[in-house]
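Using our numbering, you'd call the opening residue of the sequence shown number 41 and step up by one each time.
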Amino acid sequence: MADLPAPGRRIALRWHDEDGPRELIGYVQGAEPQGLAILDRTLAVRLLPWSALESWRAVPQVPRGRDPLRADRALLDRMASDPRLTPDSARPEGGGSDVCQVARLCDLLGPGIPDQPPAAYDTGNGTAAADLGTAEGRAIVVGEWATVRLSDGDRADEVVAALARWAAYRDARTIQVRGIDRPLAGFTVLAQP
Numbered sequence: 041m042a043d044l045p046a047p048g049r050r051i052a053l054r055w056h057d058e059d060g061p062r063e064l065i066g067y068v069q070g071a072e073p074q075g076l077a078i079l080d081r082t083l084a085v086r087l088l089p090w091s092a093l094e095s096w097r098a099v100p101q102v103p104r105g106r107d108p109l110r111a112d113r114a115l116l117d118r119m120a121s122d123p124r125l126t127p128d129s130a131r132p133e134g135g136g137s138d139v140c141q142v143a144r145l146c147d148l149l150g151p152g153i154p155d156q157p158p159a160a161y162d163t164g165n166g167t168a169a170a171d172l173g174t175a176e177g178r179a180i181v182v183g184e185w186a187t188v189r190l191s192d193g194d195r196a197d198e199v200v201a202a203l204a205r206w207a208a209y210r211d212a213r214t215i216q217v218r219g220i221d222r223p224l225a226g227f228t229v230l231a232q233p
């Protein structure tokens with residue numbers, strides 16, 4: 041394939057194996073003698089043999105996704121009550137009905153290639169964590185939604201930005217933040233149902 045994409049670029053790739061044609065969307069990790077290394081949405085690097093590659097095209101680094109202001113608040117509340125986000129003792133009573141702030145990841149992160157590798161905050165089991173001084177957060181991705189449970193602190197915005205970049209690598213399109221009452225830049229507070 042001519043004109044290989046630059047490392048870090050998100051692409052849609054057509055390739056084939058013994059079972060037939062395949063498609064993969066992921067981030068280019070680099071060209072190896074054996075093939076093209078792609079980071080998939082599970083954060084696994086896949087090495088696809090050169091002979092199996094058919095074509096590729098650049099796709100948005102962070103897809104636009106649906107309008108988060110039209111999201112089902114009850115669904116967001118259920119995602120926010122996922123036990124991977126916080127220990128039982130710190131979880132709000134009633135599951136997750138605290139202040140809910142939402143945004144599109146593309147609006148938060150812009151069109152550029154994320155400047156941090158996703159492994160920087162990945163903790164396995166589909167979760168991520170960031171701890172920057174007085175602020176800390178945990179994140180999960182379910183479908184196109186990233187959910188971040190955050191503790192307020194002077195660097196809360198930086199924690200959200202780091203976890204948003206991780207979520208973009210996991211193919212999330214939209215993000216909700218819980219656990220903080222003050223408005224975050226770029227987010228809209230959803231009304232209670």
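Each residue gets a CB set at the ideal place from its N, CA and C atoms; glycine is no exception.
* In chain order, which continuous runs of the beta strand (DSSP E) of length 3 or greater are located wholly inside the region 84-122? -> For the region 84-122, whole beta strand (DSSP E) runs of length 3 or above, ordered along the chain, are 85-89 and 93-98.
* Would DSSP call E198 helix, strand or coil? -> helix
* Return the chain-ordered ranges of every beta strand (DSSP E) run that is complete within the region 166-229 and spans a minimum of 3 residues. => 167-172, 175-182, 185-191 and 214-218
* Mark R222 as exposed unless 16 or more other C-beta atoms lie within 10 angstroms of its C-beta, in which case mark it buried. => exposed
* To do: Alpha carbon to alpha carbon, how far is E58 from V199? Give it in angstroms, no decimals.
  => 43 Å
* **Top-ranked residue by Cα proximity to L116, from I180, T163 and D43** => Considering only alpha carbons, the answer is I180.
* Outcome for Q74 when other beta-carbon atoms lying within 10 angstroms are tallied against a minimum of 16 -> Around the CB of Q74, fewer than 16 other CB atoms lie within 10 Å, so the residue is classed as exposed.
* CA nearest to the CA of I65, picked from W55, E72 and A71 -> W55
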